[in-house]
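A.B. asks:
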Amino acid sequence: MPRTPVRSPRRALVAAALLGVALPDALAAQAPARPAANAAPAPAPASRLRLNDYLDWEDVQEPQLSPDGRQIVFTRRWVDKLNDRWETSLWIMNADGTRPRFFVNGSAPRWSPDGTRLAYVARGEPAGTQVFVKYLDGSGETQITRLDQTPAELAWSPDGKSIAFQMLVPQRDDWRLEMPAAPKGAKWTEAPRVVTRLAYRRDRQGYVDDGYRQLFLVPADGGTPRQLTAGASDAGAPRWTPDGKRIVYSGNRNPEAEYQWRESEVYAVDVAGCAADAGNAGCPVQQLTRRPGPDNNPVVSPDGRWVAYTGYDSTDATWIDAKLHVMAIDGSNPRVVSGSLDRTPQGLMWAEDGSGIYFNVESEGTRHLWFAPLNGAPRAVTKGVRVQTVSDVARGIAVGVASTPTRPNDVVRIDLRTGAETWLTNVNADVLAGKQVAQTEELWVTMGDGTRVQGWLMKPVGFEAGRRYPMMLDIHGGPHAMYNPGFSFARQEHAANGYVVLWTNPRGSTGYGSAFGNAIKNAYPGKDYDDLMASVDSAVARGYVDTGNLFVHGCSGGGVLTAWIVGHTDRFNAASSNCPVINWMSFVGTTDGPSWYRNFEKLPWEDPSEHLKRSPLMYVGNVKTPTMLMTGVNDLRTPISQTEEFYQALKIRKVPTAMVRFNDEWHGTSSKPSNFLRTQLYLRSWFQRYAKKENVAVQ
2 MPRTPVRSPR
12 RALVAAALLG
22 VALPDALAAQ
32 APARPAANAA
42 PAPAPASRLR
52 LNDYLDWEDV
62 QEPQLSPDGR
72 QIVFTRRWVD
82 KLNDRWETSL
92 WIMNADGTRP
102 RFFVNGSAPR
112 WSPDGTRLAY
122 VARGEPAGTQ
132 VFVKYLDGSG
142 ETQITRLDQT
152 PAELAWSPDG
162 KSIAFQMLVP
172 QRDDWRLEMP
182 AAPKGAKWTE
192 APRVVTRLAY
202 RRDRQGYVDD
212 GYRQLFLVPA
222 DGGTPRQLTA
232 GASDAGAPRW
242 TPDGKRIVYS
252 GNRNPEAEYQ
262 WRESEVYAVD
272 VAGCAADAGN
282 AGCPVQQLTR
292 RPGPDNNPVV
302 SPDGRWVAYT
312 GYDSTDATWI
322 DAKLHVMAID
332 GSNPRVVSGS
342 LDRTPQGLMW
352 AEDGSGIYFN
362 VESEGTRHLW
372 FAPLNGAPRA
382 VTKGVRVQTV
392 SDVARGIAVG
402 VASTPTRPND
412 VVRIDLRTGA
422 ETWLTNVNAD
432 VLAGKQVAQT
442 EELWVTMGDG
452 TRVQGWLMKP
462 VGFEAGRRYP
472 MMLDIHGGPH
482 AMYNPGFSFA
492 RQEHAANGYV
502 VLWTNPRGST
512 GYGSAFGNAI
522 KNAYPGKDYD
532 DLMASVDSAV
542 ARGYVDTGNL
552 FVHGCSGGGV
562 LTAWIVGHTD
572 RFNAASSNCP
582 VINWMSFVGT
592 TDGPSWYRNF
602 EKLPWEDPSE
612 HLKRSPLMYV
622 GNVKTPTMLM
632 TGVNDLRTPI
642 SQTEEFYQAL
652 KIRKVPTAMV
662 RFNDEWHGTS
672 SKPSNFLRTQ
682 LYLRSWFQRY
692 AKKENVAVQ
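Take 2 as the starting number for the sequence shown in the working numbering and just add one per residue.
(1) Classify valine 622 as helix, strand or coil using the three-state DSSP reduction.
(2) Shortest alpha-carbon distance to glutamate 264 belongs to which of Thr290, Gly420, Cys275 and Val308?
(3) Please state the DSSP three-state secondary structure of proline 346.
(4) Closest by CA to aspartate 304, which one among Ile330, Ala318, Asn297 and Pro285?
(5) Pick helix, strand or coil for proline 299, following the three-state DSSP scheme.
(6) From the DSSP output, read off the bridge partner residues of methionine 328.
(7) Assuming the contact rule is C-beta atoms closer than 8 Å, arginine 685 and asparagine 498 should be a hit. Round their C-beta distance to whole Å, please.
(8) With C-beta atoms as the reference, is glycine 559 less than 9 Å away from isoleucine 476?
(9) Contact check, proline 335 vs serine 356 under 8 Å by CB: the rounded distance?
(10) Identify the continuous alpha helix (DSSP H) that holds glutamine 493 and give its terminal residues.
(11) Roughly how many whole angstroms lie between the Cα atoms of valine 327 and tryptophan 351?
(12) Does the ligand SAM have even one heavy atom less than 8 Å from the beta-carbon of glutamine 131?
(13) CB-CB under 8 Å to aspartate 174, same chain, minus the five flanking residues each way: which ones, in chain order?
(14) When the Cβ atoms of the region 508-515 are set against those of the region 569-588, are three or more pairs found closer than 8 Å?
(15) Which of helix, strand or coil does DSSP assign to asparagine 53?
(16) To the nearest angstrom, how far is it from the Cα of tryptophan 92 to the Cα of valine 624?
(17) Check each candidate in Leu83, Asn600, Tyr359 and Val394 and name the one with the smallest Cα separation from alanine 381.
(18) Over the uninterrupted alpha helix (DSSP H) stretch that includes glutamine 649, give me the two end residues.
(19) Report the partner residues of glutamate 465 according to the DSSP bridge assignment.
(20) Between the C-alpha atoms of alanine 383 and phenylalanine 75, what's the straight-line distance to the nearest angstrom?
(21) Tell me which residues share the same chain as proline 256 and place their Cβ nearer than 8 Å to its Cβ, disregarding the 5 neighbours each side in the sequence.
(22) Using the Cβ count rule (16 or more neighbours within 10 Å means buried), how would you classify methionine 563?
(23) In chain order, what residues of the same chain have a beta carbon less than 7 Å from the beta carbon of arginine 49, not counting five sequence neighbours either side?
(24) What is the residue span of the alpha helix (DSSP H) that leucine 559 lies within?
(25) Report the partner residues of arginine 198 according to the DSSP bridge assignment.
(26) Count the CB pairs spanning the region 238-256 and the region 291-311 that are closer than 8 Å, and state whether there are at least three.
(27) Just the Cα atoms here: how many angstroms apart are tryptophan 445 and arginine 368?
(28) Kindly list the residues whose CB is nearer than 6 Å to the CB of alanine 40, restricted to its own chain and excluding five residues on each side of it in sequence; keep chain order.
(29) Rounding to the nearest angstrom, what Cα-Cα distance links alanine 692 and leucine 56 in this structure?
(30) Using 10 angstroms around the beta-carbon of glycine 237, count the other beta-carbons present and answer buried if the total reaches 16, otherwise exposed.
(31) Please report the Cβ distance between proline 640 and threonine 670, rounded to the nearest whole angstrom; I am assuming they are in contact, meaning their Cβ atoms lie under 8 Å.
(32) In its own chain, which residues sit with a C-beta less than 8 Å from the C-beta of serine 642, not counting the 5 before and 5 after it?
(33) Can you give the Cα-Cα distance for histidine 668 and serine 557, rounded to whole angstroms?
(34) Does phenylalanine 517 come out as helix, strand or coil in the three-state DSSP assignment?
(35) Here's the rule: buried if 16 or more other CB atoms are within 10 angstroms of the residue's CB, otherwise exposed. What is glycine 479?
(36) Less than 7 Å between C-beta atoms, sequence neighbours within five positions excluded: which residues of the same chain meet that for leucine 651?
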């Protein structure tokens with residue numbers, strides 16, 4: 002029977018059993034003392050967020066409006082404590098938020114055009130993820146596929162008779178070795194993997210050189226999937242034309258695609274004109290765009306006349322914001338409709354009357370809904386200090402998820418005429434009941450060249466004027482990414498244990514325009530380091546930060562900058578460089594993306610000087626700061642060999658260090674619920690070791 006998520010008692014014992022360790026809370030604001038060996042500081046008061054609350058935490062994702070606008074289906078994620086993983090369930094409620102109810106276990110829901118059925122993916126038979134269709138009237142559900150690969154990107158045909166999806170098509174090994182037959186009962190070593198593609202593996206997936214992702218069509222009541230695309234290239238998410246005759250998608254069908262950096266086009270596959278016996282040869286495909294540079298995320302207008310998509314002209318910049326384009330359905334007359342907006346449009350959705358396109362925009366730490374008319378300037382639909390992601394529009398309303406500094410992600414409804422927002426769910430109300438949450442304040446720093454850098458400070462729960470508190474600097478990865486002031490369990494839990502938390506968007510971050518994002522070209526890390534230190538100075542100047550208890554951490558690009566920081570300053574008591582790049586020379590050829598070769602002025606065999614100059618390893622001789630390293634053992638983005646290089650170098654120099662190797666983790670250390678708990682605990686445990694005993698009272 003379907004299982005609904007049920008809360009369990011929030012006791013430290015539950016978390017301790019999952020972790021296999023005690024649950025020490027970190028440095029308290031009133032007494033940030035070095036703990037005695039094996040001693041655990043007193044836990045945070047019950048009125049504050051506690052680490053074991055994470056085991057009862059929930060999240061909501063990707064709400065979808067029914068075609069008549071009366072109902073919303075959304076994904077509700079919850080922690081399976083016994084199996085140490087996140088599970089997903091589909092819930093349905095009325096469009097005003099009333100009658101929320103469990104529907105079925107699964108994810109990625111899509112309404113049928115007539116609103117009577119929902120397609121979704123879930124674990125099925127004989128194994129793996131399968132496509133299901135369930136009737137809203139409760140008359141039943143059907144598993145409509147039995148695939149040996151994972152389906153994704155479901156898209157109903159306009160007549161509701163079939164569903165398109167994306168799936169990997171394995172390729173056969175073209176090596177033909179005449180191996181002698183193994184003797185009966187022999188246990189020979191497994192055959193080697195033969196790798197011939199430039200990009201042959203990907204973090205969180207493993208080896209991906211065994212085939213390409215293609216588009217398929219399956220009857221909505223079940224049957225044999227029909228392959229629509231073929232060839233040595235991946236096909237992006239399918240988007241139907243209203244007449245059901247074609248599907249548009251993005252990809253790169255050029256034979257030299259693997260050597261074309263940031264190049265993609267928009268294509269249309271002829272579904273109606275495709276021979277039924279086309280088999281794995283695929284259907285006829287028409288190329289719609291031909292401009293050098295990436296063209297992605299195509300969506301067709303309701304009248305079938307236009308295709309909206311994102312893209313930008315080919316460039317050697319490390320970051321450039323995409324523009325919103327519209328072209329005729331045959332690919333003619335492409336033009337930019339996002340005007341001078343220097344932000345990347347995300348999640349394109351046509352207005353029902355075809356007058357323009359709605360999309361999400363990240364800017365200066367917020368994410369909001371925008372609208373670009375076919376003729377006229379784009380405008381913001383919503384505003385305010387929040388992180389909002391709209392996933393569907395219909396009948397004059399939009400639905401999405403939103404978060405504020407003090408409220409976690411929940412489903413919201415937006416009036417498209419006024420921009421008024423209504424919160425429809427409150428899935429963590431029971432966890433946060435009676436809890437004090439930390440307050441966040443914005444911080445801006447103006448650098449010497451006039452560049453303005455944004456950040457945020459979270460004061461500890463129970464903050465008292467006249468005291469100084471230990472501070473963590475939290476650095477984001479990417480480096481092209483954007484931190485925001487939305488609710489963060491990790492930061493809130495640190496603040497509940499007495500820390501000030503500072504997080505910023507230094508140069509290279511997205512959400513501030515192309516020039517800001519590209520400012521670190523051939524200079525990373527460098528200017529972004531200066532931005533971080535200036536932000537720390539600004540935080541200290543507010544008078545409540547204990548300069549004798551400063552700590553720093555970050556993962557990925559944040560791990561790079563943490564390692565760079567300890568090689569250039571000793572102002573921090575301790576650091577944790579997580580999933581870092583330490584040596585660009587050894588990194589560019591071992592990461593899962595060969596494009597990193599292009600982030601340097603010259604290739605390393607032509608001139609390695611830039612790679613060496615920008616490598617934290619070259620500055621290890623300066624490191625005095627105790628520096629821990631935490632990395633997933635399966636990491637393919639910043640392979641654990643990078644962590645090992647820094648660890649060995651620090652050990653040779655007798656700098657206090659520890660290498661924490663996270664099991665069952667790819668890039669990052671927190672995808673497993675228990676590993677999130679460990680990440681929080683190891684961080685504070687390491688920082689406690691090097692914390693000063695006394696806080697400094699402000700006179």
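Beta carbons are placed, not taken as given, at the ideal position from N, Cα and C, and that holds for glycine. As the structure is a prediction and not an experimental result, all values here were calculated from the model.
C.D. replies: So, from the data block:
(1) In the sequence on display, residue 622 carries glycine and not valine. DSSP, read as helix, strand or coil, puts glycine 622 in helix.
(2) Of the listed residues, the one whose Cα sits closest to glutamate 264 is Thr290.
(3) In this structure, proline 346 counts as coil in the three-state DSSP scheme.
(4) The residue among Ile330, Ala318, Asn297 and Pro285 with its C-alpha nearest the C-alpha of aspartate 304 is Ile330.
(5) Look at proline 299 here: in three-state DSSP terms it is strand.
(6) Answer is Val308.
(7) In this structure, arginine 685 and asparagine 498 form a Cβ contact; the two beta carbons are roughly 7 Å apart against a cut-off of 8 Å.
(8) Contact: yes.
(9) With a Cβ gap of about 19 Å, proline 335 and serine 356 do not count as contacting.
(10) Note, glutamine 493: alpha helix (DSSP H), 490-497.
(11) The straight-line gap from Cα to Cα measures roughly 11 Å.
(12) In the structure on display, the ligand SAM does not appear, and there are no ligands present to speak of.
(13) The residues are Val195.
(14) Proximity of the region 508-515 to the region 569-588 falls short of the contact definition, fewer than three beta-carbon pairs being nearer than 8 Å.
(15) Three-state DSSP puts asparagine 53 in a helix.
(16) Their Cα atoms are separated by approximately 52 Å.
(17) Of Leu83, Asn600, Tyr359 and Val394, the residue nearest in Cα terms is Tyr359.
(18) In the DSSP assignment, glutamine 649 falls within the alpha helix (DSSP H) that extends over 641-653.
(19) Answer is none; glutamate 465 lacks a bridge partner.
(20) In the sequence as displayed, the identity of residue 383 is threonine instead of alanine. Between the alpha carbons of threonine 383 and phenylalanine 75 lies a gap of roughly 21 Å.
(21) Closer than 8 Å at the Cβ level, and outside the excluded window around proline 256, lie Ala233.
(22) In the sequence as presented, methionine is not what sits at residue 563; that position holds threonine. Around the C-beta of threonine 563, 16 or more other C-beta atoms lie within 10 Å, and the residue is accordingly described as buried.
(23) Excluding the 5 residues flanking it on each side, arginine 49 has same chain C-beta neighbours closer than 7 Å at Lys436, Gln437, Val462 and Ala497, in chain order.
(24) In the sequence as displayed, the identity of residue 559 is glycine instead of leucine. Membership of glycine 559 in the alpha helix (DSSP H) is indicated by the continuous run 558-567.
(25) DSSP, once it has assigned bridges, lists no residue as partnering arginine 198.
(26) Of all C-beta pairs linking the region 238-256 to the region 291-311, three or more are shorter than 8 Å, placing the two stretches in contact.
(27) Going from the Cα of tryptophan 445 to the Cα of arginine 368 covers about 18 Å.
(28) With a pLDDT of only 38 at alanine 40, under the threshold of 50, the placement of this residue in the model should not be trusted; the figure read from the coordinates follows. So no residue of the chain qualifies.
(29) Approximately 29 Å, taken between the alpha carbons.
(30) Counting Cβ neighbours within 10 Å, glycine 237 comes out buried, since at least 16 surround it.
(31) So it is not a contact: roughly 14 Å between Cβ atoms.
(32) Taking C-beta separations shorter than 8 Å and ignoring five residues to either side along the sequence, the partners of serine 642 in its chain run Ser587 and Thr591, following chain order.
(33) Each residue's alpha carbon lies about 8 Å from the other.
(34) Residue state, collapsed to three classes: helix.
(35) Buried.
(36) Closer than 7 Å at the Cβ level, and outside the excluded window around leucine 651, lie Val621, Val624, Thr628 and Thr658.
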